[in-house]
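Under the numbering used here, the first residue of the sequence shown is numbered 2, with each subsequent residue one higher. All C-beta atoms, glycine included, are put in the ideal place defined by N, C-alpha and C.
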Amino acid sequence: MIQYIMIHSTNKTGQGPLSLKECLAHADETKELILAKDALEAIPRLITEFFDHKTLCLIADENTYKAAGERVKAIAEEGGLKVGAVHIFPGGDHLHAEYEHIRFLTKWVSSLPDFPALVPLAVGAGTLNDLVKRTAEELDLPYLCVPTAASVDGYTPNGASLLMDGFKQNVLCKAPRVLAADLGIIAAAPAYLSSSGVGDLASKIIAGTDWIIAEKAGALGAPEAPAIDPIPWTMVHQGFREALEESVPAPRGDQDAIRVLFQTLAVTGFAMQYMKNSRPVSGAEHLWSHVWEMEDLRFKGAPVTHGFKVSIGTLAATAFTEIFFADPKGPPPQDPSYRRPSRDERRAQVSAAFKGSRAHDKIIEASMDKMMDEPLVETINEAFRDSWTAIRDRVMDLLIPYGELKDILGRALCPLVPEAIGLSRSQAIADCRRGQMIRNKYSIVDLAWDMGNFEGILKNIEDSNLYLR
Ligand SMILES: [Zn+2]
C-alpha cells in the first residue's frame, strides 16, 4: 500500500504548508495525486478506480520514455491494462509548447481504433504535460500524468502554457484527473530541471506581492485585479518560505528536497486549479519570461528552461519592487520628462515594440484593454499615496530581500545574472517595458507605469551595483 507523503502534516498550528490531501479536497478536477518512491506501481489501480476505460495511449519523448515510459508500459500491461498505442516525440530540446503538436496529437489519438474509449497518459515534464493536457481537453478525455521532473508548477493547474500564433498564453484546459509522481524517477532527472523548479517556485513571492497591490487597485476599478481569495493564498503562502528553503538542495540530488520541491510546486498548481486563473502563482516576474518565451530565448544553442527565465524575472521583479517601495514616506517621484500618452500614442508605442511579432495584434489588444482613463488612474495613485505605510508594510513583509533571494537561487544553482541565460544586463532590464505591454493582469509594473515613475525605476536598476549583477 502506497502511503501519502505529507510534509508538515503533523503541524496542527496551521503554519506549515497545506498537505496534498488538503489541496486535493479543494481541487475540483484532480481526484488523486500520489507522490511516492514507487508511485508508478499504483497506475493499474488508479486507472481502474478513476477512469472509465482500460486502454491507454502513452505519450512521451525519447528521454522520458527511457526514464519512465517503458516501465509505465510494462506495469500497465502486467496490471491487466492495454497500451493501445505509444507516441514518442524526438528527445533533446526539440519539444516546444507549440500548438501544432496539439493538432498532431488530437488527430493521432482520435484515429486510434479504441478511440474514444481511451485514457491518454502523459509521461514527461512541463511541456509534454501541457501538450497532452490541451489535447485531452479538446478530445474530452480525462488523462493521467506521470511527471518526470520537479521543473515547473504546471502539472496540477487547469491550464496549459502554450504558444498560439506566436503568443505565449495560458490556455484553459482541465487539470489531469490523476497524477502518479514517482520520486525515484523525478530524482533521477537532470539537475538543471530541479534548479528550474526552484526558479519557478521562487516566483510565488512576487505573485503574492503583486496580488496585494492588485487587490488595492482593483477595489477602485483597475481591470484584472481581483481581491485576494484566502484559499489559494493559503495554499501558496502558508509555510512557503520554509518549503522554498527546504527545496534548495534538490538540484544536488537530495531526495527529501526533491520531495518538498515537487510537492510545493504541485500545491501552488492546485491554487491555480482552485482559482481558475494564474493570479495566485504568477505576477510581474513571469512577464519577463513570457517575452523571452515568445522569442525562443536560447543560450549556447539550447533553449533556456522556463524556470531559468523565471529565475531572472523574479530577481528583476524583486529589484523593481524594492526600488518602488524603498522610501518609507511615499512612492518614487514622477520622472521629470513623464507625460502620459494618449491611447493612440500608446498603441503606436506598443506596435513599434512588437513590430514583426506574430503576436503583435494580440499584444495591442491586451495593452489597450488594460489602459485606464486618467481620472481612474489618479484615484488609484492617490489611494496608494494615502495608505503608503500600510501597503508598503504588507508588501515588504512578504518580499524576500534581493540579497537573500539571490543567495537562495544561487544555492539552488539557478542563473543569477542575465548573461547566464544569454542576455545582456541592459536588454534584460529594458525588457520590462515590453513585459508591461503584453498582459492585462495588474501588477507592480502597471502601478509604476500609471504613476509615471516606471522609467526612473528602470534607470535605478540599471545604475545599481547590486541588481542583476
Ligand atoms: Zn512559471
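Identify every residue that forms a DSSP beta bridge with residue i.
i           : result
residue 165 : 168
residue 291 : Paired residue(s): none; residue 291 is not in a bridge.
residue 125 : 148
residue 183 : 37
residue 62  : 90
residue 173 : 160
residue 304 : 299
residue 99  : 164
May I ask you to report which of helix, strand or coil DSSP gives residue i?
i           : result
residue 33  : strand
residue 326 : coil
residue 455 : helix
residue 83  : strand
residue 157 : coil
residue 417 : coil
residue 440 : coil
residue 189 : coil
residue 73  : helix
residue 120 : strand
residue 53  : coil
residue 461 : helix
residue 432 : helix
residue 225 : coil
residue 28  : coil
residue 275 : helix
residue 403 : helix
residue 1   : Here the chain comprises residues numbered 2 to 470, so residue 1 is not present and cannot be evaluated.
residue 369 : helix
residue 22  : helix
residue 427 : helix
residue 332 : coil
residue 382 : helix
residue 469 : coil
residue 111 : helix
residue 142 : coil
residue 358 : coil
residue 282 : coil
residue 447 : helix
residue 11  : Unreliable placement is indicated for residue 11, whose pLDDT of 36 sits below 50; the coordinate value is still reported in the next sentence. Reduced to three states, the DSSP call for residue 11 is coil.
residue 6   : Unreliable placement is indicated for residue 6, whose pLDDT of 40 sits below 50; the coordinate value is still reported in the next sentence. DSSP places residue 6 in coil when its eight states are reduced to three.
residue 17  : coil
residue 209 : helix
residue 195 : helix
Decide if residue i is buried, meaning its Cβ has at least 16 other Cβ atoms within 10 Å, or exposed.
i           : result
residue 440 : buried
residue 5   : Bear in mind that a pLDDT of 38 at residue 5, under 50, signals an unreliable position, so the number given afterwards is only what the model happens to contain. It counts as exposed.
residue 16  : exposed
residue 369 : exposed
residue 173 : exposed
residue 319 : buried
residue 359 : exposed
residue 18  : buried
residue 31  : buried
residue 466 : exposed
residue 13  : Low confidence applies here, because residue 13 scores a pLDDT of 40, under 50, leaving its location unreliable; read the following figure in that light. That one is exposed.
residue 135 : buried
residue 442 : buried
residue 460 : exposed
residue 228 : exposed
residue 121 : buried
residue 322 : buried
For residue i, I'd like the list of residues in its chain whose CB is within less than 7 Å of its CB, leaving aside the five on either flank, ordered along the chain.
i           : result
residue 182 : 34, 35, 36, 40, 148 and 263
residue 247 : 258 and 261
residue 342 : 350
residue 116 : 110
residue 326 : 393, 396 and 397
residue 9   : Interpretation of residue 9 is limited by its pLDDT of 38, a score under 50 that renders its predicted location unreliable; the figure taken from the coordinates is listed afterwards. 17, 18 and 240, listed in sequence order.
Spatial neighbours of residue i within its chain, please: CB distance less than 8 Å, with the 5 preceding and 5 following residues excluded, ordered by chain position.
i           : result
residue 407 : 316 and 417
residue 377 : 221, 222 and 223
residue 85  : 56, 57, 58, 113, 114, 115 and 119
residue 238 : 205, 209 and 399
Leaving out five residues on either side along the sequence, give the residues of the same chain with a beta carbon under 6 Å from the beta carbon of residue i.
i           : result
residue 463 : 430
residue 92  : 62, 63 and 64
residue 412 : 249
residue 192 : 252
residue 355 : 361 and 364
residue 269 : 154, 205, 237 and 282
residue 1   : Past the edges of the chain, shown from 2 to 470, lies residue 1, and the structure says nothing about it.
residue 444 : 211, 284 and 285
residue 137 : 121 and 144
residue 294 : 169
Does any CB atom of chain B fall closer than 8 Å to the CB of residue i?
i          : result
residue 20 : The question asks about chain B, but that chain is absent: this structure has only one protein chain.
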